[in-house]
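A.B. asks: In the working numbering, the protein residues as written are 27 to 432. Where is the CB? At the ideal position from N, CA and C, for every residue including glycine. Following this message is one structure expressed as C-alpha cells.
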Amino acid sequence: MAAGDAVALLVREERTRVLATLIRVTGSVDLAEDAVQDAVERALLTWPRDGVPAEPRAWLLVTAKRRAIDVIRREARRPAKEWDAVALHDPSPESPGVVRDDLLRLVFTCCHPCLSLETQVSLALRTLAGLSTAEVARALVVPEATMAKRLTRAKQKIARAGIPYRVPAAEELPGRLAGVAATVYLVFNEGYAPGEGADLVRGALADEAVRLARLLAGLMPDEPTVLGLLALLLLQDARRGARTDAEGRPVLLADQDRTRWDRAMIREGVRLLGAALHRTPDRPDPYVVQAAVAACHALAPSWAQTPWDAVVSWYDVLLTVHDTPVVRLNRAAAVSERDGPGGGLALVEALDGLEVYPWWHAGRAELLHRLGRAQEARAACERAAALGMSAPQLEHLRRRVSAPPG
27 MAAGDAVALL
37 VREERTRVLA
47 TLIRVTGSVD
57 LAEDAVQDAV
67 ERALLTWPRD
77 GVPAEPRAWL
87 LVTAKRRAID
97 VIRREARRPA
107 KEWDAVALHD
117 PSPESPGVVR
127 DDLLRLVFTC
137 CHPCLSLETQ
147 VSLALRTLAG
157 LSTAEVARAL
167 VVPEATMAKR
177 LTRAKQKIAR
187 AGIPYRVPAA
197 EELPGRLAGV
207 AATVYLVFNE
217 GYAPGEGADL
227 VRGALADEAV
237 RLARLLAGLM
247 PDEPTVLGLL
257 ALLLLQDARR
267 GARTDAEGRP
277 VLLADQDRTR
287 WDRAMIREGV
297 RLLGAALHRT
307 PDRPDPYVVQ
317 AAVAACHALA
327 PSWAQTPWDA
337 VVSWYDVLLT
347 VHDTPVVRLN
357 RAAAVSERDG
367 PGGGLALVEA
377 LDGLEVYPWW
387 HAGRAELLHR
397 LGRAQEARAA
407 CERAAALGMS
417 APQLEHLRRR
427 VSAPPG
C-alpha cells in the first residue's frame with residue numbers, strides 16, 4: 027500500500043470517533059462535520075509530507091476544535107456565541123451518564139424517537155458511521171437520490187423542531203435500541219461485505235461494529251436483541267480469515283477451510299445465542315434468529331453437512347417477525363442449496379422491491395449460471411456491477427458466470 031493510501035486509510039478510520047467527540051463537545055452536527063472535514067483535509071495534506079503524528083486521533087481532534095472555535099468566533103453576533111467558543115477551549119467536565127463511549131453515545135442520540143426508524147438509522151450511518159450517501163442507500167435498499175432527500179429532510183426536521191442532540195437517560199435507552207442495533211448491524215455489513223472499493227473486507231469497520239456490539243452487551247446485558255446482535259456478528263466474523271485465498275481473492279463459504287475459522291469467536295457466539303434464545307421463548311427476536319442461522323453454518327463440519335432444513339426453518343421463523351425482501355432473498359438462497367437452483371430461482375424472481383439491490387441480481391446470476399443459462403447469467407452479473415459491488419466480489423462473480431456450470 028502506498029504511503030498516501032495508508033494515510034488516507036488511517037484518517038478514515040479515526041474520523042468517526044473524532045466526529046463523535048466533537049458533536050458531544052459542540053452540540054452541533056453541522057459545525058462538527060465541517061470542522062472535522064477541515065481537519066481531515068489538513069491531515070491528508072501534511073501527514074504524507076511531515077509524517078503521521080504519534081497520536082493521530084488527538085491531532086485530528088485538536089485541529090477540528092480549533093476550526094470550530096474559529097467558525098464560532100467569526101459568526102458571533104452576541105456574547106453568548108463567544109462563550110461557546112471559550113467552552114471549546116476547555117469544556118466543563120461532563121458526566122458521561124450510563125453510556126460512556128462517545129460514538130455509542132452519539133448513535134443513541136441520533137436515534138431520537140421523533141424520527142422514523144429508517145431515518146434514525148440513515149442519519150446515524152451517514153453522520154457517525156461515516157458511510158457515504160451511496161453506501162447508506164445500499165444498506166437500506168433504496169435509490170441514492172431517495173436517500174439524499176431523506177437525509178436532508180431529517181436534518182431540516184431536527185432544526186425546525188429543535189430536537190436536541192442530547193444523550194438519553196438510562197430509562198430512554200430501550201426505546202432507542204431498535205435504531206441503535208440496526209445501525210451497528212448495518213455498519214458491520216458494510217465492513218463484512220463492502221458495496222464498493224478494492225477491499226473484500228473493511229476490517230476496521232467490522233471491528234468497530236463488533237466493539238460497539240460488545241459495549242451494548244455490557245450496557246444492556248439482559249436484552250435479547252443485544253445478545254443476538256453480538257452473537258450474529260461474532261459468528262459471521264469468525265470466518266474472516268478463511269474468506270480469501272493466498273492471492274486475496276474471495277473464497278465462497280462452500281469452499282472455505284474451516285480450520286481457519288476462529289473457534290473462540292464461534293464458542294462465544296453460540297453461548298450468547300443460547301442465552302438470547304432462553305430470553306425469547308414466546309416471540310422471536312430478528313437478530314437472535316439470524317444468529318441461529320449463522321450458528322447452523324458455524325457448527326456444520328463441512329458444507330455438505332450443513333443442515334439446510336434447519337436453515338430454511340429458521341428463515342421461516344424470521345419471516346414471522348421481520349418479513350422483508352432481503353430476508354426472502356436469503357431464504358431463497360438456502361432453498362436453492364436444499365432443493366436445487368430451479369426452486370431457488372423461482373423464489374428469487376418472485377420478489378419485488380429489490381431492483382436497486384445488487385445482491386438480488388448477483389443471486390440471479392449465480393442461479394442462472396448453475397442452470398446453464400449463460401447469457402442471462404452474464405446480463406444479471408453486469409446489472410449487479412452497474413448497481414455497485416466491491417472489485418473482488420465483482421471479479422469473482424464474473425469468473426463464476428464465465429466458467430462452465432457445475
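Specify, as a first and last residue, the run of the alpha helix (DSSP H) that residue 384 falls within.
C.D. replies: Looking at the DSSP string, the run of the alpha helix (DSSP H) that includes residue 384 is 384 to 396.
A.B. asks: Restricting to Cα atoms, I'd like to know which of 207, 218, 216 is closest to residue 240.
C.D. replies: The residue with the shortest Cα to Cα distance from residue 240 is 207.
A.B. asks: Starting from the Cα of residue 260, find the closest Cα among 269, 248, 293 and give me that residue.
C.D. replies: Looking at the Cα atoms, 293 is the closest of the given residues.
A.B. asks: Taking buried to mean at least 16 other C-beta atoms within 10 Å of its own C-beta, is residue 310 buried or exposed?
C.D. replies: Residue 310 should be labelled buried.
A.B. asks: Can you name the residues that DSSP bridges to residue 89?
C.D. replies: In the DSSP output, where bridge partners are listed per residue, residue 89 has none listed.
A.B. asks: Runs of 4 residues minimum, wholly inside the stretch 186 to 227: which ones carry the alpha helix (DSSP H) assignment?
C.D. replies: Listed in chain order, they are 199 to 218.
A.B. asks: On the CB-based measure, 16 or more other CB atoms within 10 Å of its CB, does residue 280 come out buried or exposed?
C.D. replies: Result: exposed.
A.B. asks: For residue 82, name the three-state secondary structure that DSSP assigns.
C.D. replies: The answer is helix: DSSP assigns residue 82 an H, G or I state.
A.B. asks: Note down, one range per segment and in chain order, each alpha helix (DSSP H) of at least 4 residues found wholly within the stretch 334 to 392.
C.D. replies: With a minimum length of 4 residues, the continuous alpha helix (DSSP H) runs that stay inside the stretch 334 to 392 are 334 to 347, 351 to 365, 367 to 375.
A.B. asks: Answer yes or no: do residue 370 and residue 359 have a C-beta to C-beta separation smaller than 9 Å?
C.D. replies: Yes, they are a contact pair.
A.B. asks: Judging by CA-CA distance, which residue of 255, 226, 249 is the nearest neighbour of residue 277?
C.D. replies: Selected option, being the one with the closest Cα: 226.
A.B. asks: Where does the unbroken alpha helix (DSSP H) through residue 160 begin, and where does it stop?
C.D. replies: Element bounds for residue 160: 159 to 165.
A.B. asks: In chain order, what residues of the same chain have a beta carbon less than 6 Å from the beta carbon of residue 257, not counting five sequence neighbours either side?
C.D. replies: The answer, listed in chain order, is 295, 298, 299, 317.
A.B. asks: By Cβ distance, which residues of its chain are closer than 7 Å to residue 402, with the 5 residues on each side in sequence left out?
C.D. replies: Result list for residue 402: 394, in chain order.
A.B. asks: What do you get for residue 200, buried or exposed, if any count of 16 or more other CB atoms within 10 angstroms of its CB means buried?
C.D. replies: Classification for residue 200: exposed.
A.B. asks: Between residue 470 and the rest of its own chain, which residues show a CB-CB distance below 8 Å, the 5 nearest in sequence each way excluded?
C.D. replies: Any answer about residue 470 is impossible in this case: the structure gives the chain only from 27 up to 432.
A.B. asks: Whose C-beta lies closer than 8 Å to the C-beta of residue 117 among residues of the same chain, with five residues either side of it excluded?
C.D. replies: Low per-residue confidence applies at residue 117: pLDDT is 45, beneath 50, and the placement is therefore not dependable, though the value from the model is reported in the following sentence. Closer than 8 Å at Cβ, skipping near neighbours: 51.
A.B. asks: Using 9 Å as the threshold, is the C-beta distance between residue 223 and residue 302 below it?
C.D. replies: Result no, Cβ atoms of residue 223 and residue 302 do not sit closer than 9 Å.
A.B. asks: Note the first and the last residue of the continuous alpha helix (DSSP H) segment covering residue 277.
C.D. replies: It is not in any alpha helix (DSSP H) - residue 277 carries neither H nor E in the DSSP assignment.
A.B. asks: Where does residue 120 fall in DSSP's three states?
C.D. replies: Caution applies to residue 120, whose pLDDT of 45 falls short of 50 and renders its modelled position unreliable; the value that the coordinates give is listed next. In the structure shown, residue 120 sits in coil (DSSP, three-state: anything other than H, G, I, E or B).
A.B. asks: Checking 9 Å against the spacing of the C-beta atoms, do residue 205 and residue 136 come in under that value?
C.D. replies: Yes, the pair counts as a contact, with Cβ atoms nearer than the cut-off.
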